[in-house]
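Colleague: Residue numbers (the numbering used here): 6 to 288. Think of the CB as a built atom: it goes at the ideal place given N, C-alpha and C, for glycine as much as any other residue. Bear in mind the structure is a predicted one, so any value in this text is a computation, not a measurement. My questions all concern the structure below.
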Amino acid sequence: MRKDLHEQNRRSWNHATVAHNSHKGDQASFFRGGGSTLNPEELELLGDVRGLRVVHLQCNAGQDSLSIAALGAEVIGVDIADEAIAAATRLAADSGIAARFERADVYDWLEVAPPGSADIAFASYGALCWLSDLGTWAAGVARLLAPGGRLVVMEFHPALYLLDERDGAIVMAASRTDRIWHVPEGIGDYVAQSGEGLARDGFEPGIQDFHNPEPSAEFCWTLGERVDAIARAGLVIERLREWPYANGCRLFSQMIDAGHGRWVLPPGLPPVPLMYGLSARRA
């Protein structure tokens, strides 16, 4: 486990979160008016959450957590970034949606969480690439879940590591043999690039030409490694789906808006899966 890189990522996320939130409009009013940031794909995987205990692991600034809570779930959101948890806590209070947020490294949180205290553990959109030890994470999730409880993962597909953007074109990435992807420029302002796709409450210009002063590091896990870690933790894989589009996030500047908040690759590229969804149950 690379706690040193977790802390470095925390610092990078603290800066990025401020930039990301600067582009979002009146989020509290959006939620008070019945708005939701959940997409059909994760809603289908989550199912009916009314009365269930849901833990949103690596919840970022809490918009999806509050969207789940608004459906009637009892929600705890956990994230390593101070700015994310502070923003989520403010948004919960301002929107009037009951949810609790806790700042912690996900590994530390899972280690002390009461066993069997969640009906659903949810991880979404850019979460697993920040995990330095999949096996320990999956084992912690399995302990967290009550009998019959489920892990629901809605994620960007690791096939994206095959692609890169150079000179205004999406091309095959150079060979990557390192399992840790060090990014000197840190976490970027993907909300600015995605516009209303990630700012459903109304896009604001916010911080311009954001440059993150803190580098970041991602961990490059294959889809097989992710599924294998979950299965080895004793969870039974019930569903695994892939989609050729990305919800909300414009991952490359050359991607095309396909409507309904979905971004697709331009013509001429192979139909690489861009998202996957997984549901696994504790016996």
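Work out the CA separation of Glu201 and Gly145 for me, nearest whole Å.
Modeller: If I take the Cα positions, the gap works out to 35 Å.
Colleague: Do you know offhand how far Asp233's Cα is from Ala91's?
Modeller: When rounded, the distance between both Cα atoms is 34 Å.
Colleague: Could you check the C-alpha separation between Leu240 and Leu149 for me, to the nearest Å?
Modeller: One C-alpha to the other measures close to 12 Å.
Colleague: Determine whether the beta carbon atoms of Ser221 and Ile185 lie at a separation below 7 Å.
Modeller: No, these two residues do not count as a Cβ contact at 7 Å.
Colleague: Output the residue ranges of the alpha helix (DSSP H) runs that lie fully inside the region 128-189 and measure 4 residues or longer, sorted by chain position.
Modeller: List check, alpha helix (DSSP H) in window: 139-149.
Colleague: Pull up the CB-CB distance for Gly82 and Cys64, whole angstroms please, since I reckon it's below 8 Å.
Modeller: 3 Å between Cβ atoms; contact.
Colleague: Give, in chain order, every unbroken run of the beta strand (DSSP E) that is at least 3 residues long and sits entirely within the region 231-255.
Modeller: Here the runs fully enclosed are 240-248.
Colleague: Please identify the residue among His20, Arg205, Cys225 whose C-alpha is closest to the C-alpha of Phe36.
Modeller: Measuring from the Cα of Phe36, the nearest candidate turns out to be Arg205.
Colleague: The beta strand (DSSP E) that contains Trp268, what's its start and end?
Modeller: Looking at the DSSP string, the run of the beta strand (DSSP E) that includes Trp268 is 267-269.
Colleague: What is the residue span of the beta strand (DSSP E) that Phe208 lies within?
Modeller: Neither: Phe208 is in no beta strand (DSSP E) and is coded neither H nor E.
Colleague: Going by alpha carbons, who is nearest to Trp103 out of Asp110, Ala75, Asp113, Asp124?
Modeller: According to the sequence shown, residue 103 is Ala rather than Trp. Of the listed residues, the one whose Cα sits closest to Ala103 is Ala75.
Colleague: Check whether the region 254-274 and the region 111-127 are in contact - that is, three or more C-beta pairs closer than 8 Å.
Modeller: Flag = no, the region 254-274 and the region 111-127 do not touch.
Colleague: Going by CA-CA distance only, name the one from Leu165, Ala143, Val196 that's closest to Leu274.
Modeller: Selected option, being the one with the closest Cα: Leu165.
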